[in-house]
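**Student:** Residues in the sequence shown are numbered consecutively from 23, following this note's numbering. Built from N, CA and C at the ideal position, the CB exists for glycine as well. Being a predicted model, the structure only gives us computed values, none of them experimental. My structure is below; once you've seen it, I'll send some questions.
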Amino acid sequence: MHIHEHDCDASAVEYVSTAEQPYHYVGSGLGNVFLVGVKYWVCSRCKKQAADIPSLNQLLASIARTLVTKTSPLTGEQVRYLRKRLGKPSKEFSALIGVTPERYSGIESSTTLPLSEGRDKLVRFVYGILSGDKKLKEALDHTHEVEQWLLALHGSRDSERILGTWLGAKSRRRWRVEAAPLGAVA
Ligand SMILES: [Zn+2]
């Protein structure tokens with residue numbers, strides 16, 4: 023047996039993530055999603071991690087809702103996340119928001135804030151309408167709420183962490199996902 027080969031499962035230590043030590047959920051495709059209340063395992067030898075994430079679909083939908091409603095501008099990877107949730111190829115999505123495919127690929131890979139305020143709002147609107155997300159649809163039916171939402175967007179320039187808290191299988195919401203200011207969690 024090669025000296026570096028080992029069984030990660032046999033060397034795994036189990037943890038439950040807490041608010042003080044949330045689980046960094048890189049599997050989301052977003053760099054800033056952290057989860058509280060999930061079971062995860064870390065291999066004591068190679069530090070490889072695995073997590074058991076319950077009600078995954080609800081979590082992913084809630085993350086998208088949080089992105090659509092947060093007041094700070096969307097980042098490139100967040101735009102990509104919303105597009106992928108819609109199941110749209112880049113070319114199709116770029117046409118929906120009125121940019122060329124070339125310009126669009128630059129948007130998704132941008133590490134700075136890639137969208138004008140107007141186009142940022144359009145991306146969120148497109149997601150709200152096309153996603154079929156019931157909570158967003160309901161919100162879009164209330165004209166006053168929509169106005170408040172549109173006026174609040176880009177009200178904050180601060181980047182944030184997306185913090186998901188598992189509320190338990192018995193909770194109707196399952197997950198609470200919020201945009202938490204940086205520094206709010208350890
Ligand atoms: Zn290992």
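From V148 to L118, what distance separates their C-alpha atoms?
**Tutor:** For this step, residue 148 is matched to residue 126 along the sequence shown. For this step, residue 118 is matched to residue 96 along the sequence shown. V148 and L118: Cα-Cα distance of roughly 8 angstroms.
**Student:** May I ask you to list the residues that DSSP assigns as paired with W63?
**Tutor:** Counting from one through the sequence shown, the residue named residue 63 turns up at place 41. E36 and A72.
**Student:** Taking the alpha carbon of Y62 as the reference point, which residue from T133, Y37, L104 and T187 has its own alpha carbon closest?
**Tutor:** In the sequence shown, the residue the question calls residue 62 occupies position 40. Y62 has its Cα closest to that of Y37, out of T133, Y37, L104 and T187.
**Student:** Return yes when the C-beta of K70 is under 6 angstroms from any heavy atom of ligand 1, and no when it is not.
**Tutor:** Reading the sequence shown from its first residue, position 48 is the one you call residue 70. K70: yes, Cβ under 6 angstroms from ligand 1.
**Student:** Take D142 and list the residues in its own chain whose beta-carbon comes closer than 8 angstroms to its own, dropping the five residues that flank it on each side.
**Tutor:** Taking the first residue of the sequence shown as 1, we reach residue 142 at position 120. Contacts found: P95, L96, L175 and H176.
**Student:** Mind checking who I184 pairs with in its DSSP beta bridge?
**Tutor:** If you number the sequence shown from 1, residue 184 lands on position 162. Bridge partners of I184: V55 and A201.
**Student:** In three-state terms, what does DSSP make of H46?
**Tutor:** Residue numbering aside, residue 46 sits at position 24 when the sequence shown is read from its first letter. In the displayed model, H46 falls within a strand according to three-state DSSP.
**Student:** Kindly examine ligand 1 and report whether one of its heavy atoms sits closer than 6 angstroms to the Cβ of R141.
**Tutor:** The residue given as residue 141 occupies position 119 in the sequence shown. Flag unset: Cβ of R141 not near ligand 1.
**Student:** Taking its Cβ as the centre, do 16 or more other Cβ atoms sit within 10 Å of E169, making it buried, or is it exposed?
**Tutor:** For the purposes of this step, residue 169 is taken as residue 147 along the sequence shown, with counting starting at 1. Flag for E169 reads exposed.
**Student:** For H46, I'd like the list of residues in its chain whose CB is within less than 7 angstroms of its CB, leaving aside the five on either flank, ordered along the chain.
**Tutor:** For the purposes of this step, residue 46 is identified with residue 24 of the sequence shown, where counting begins at 1. Around H46: F56.
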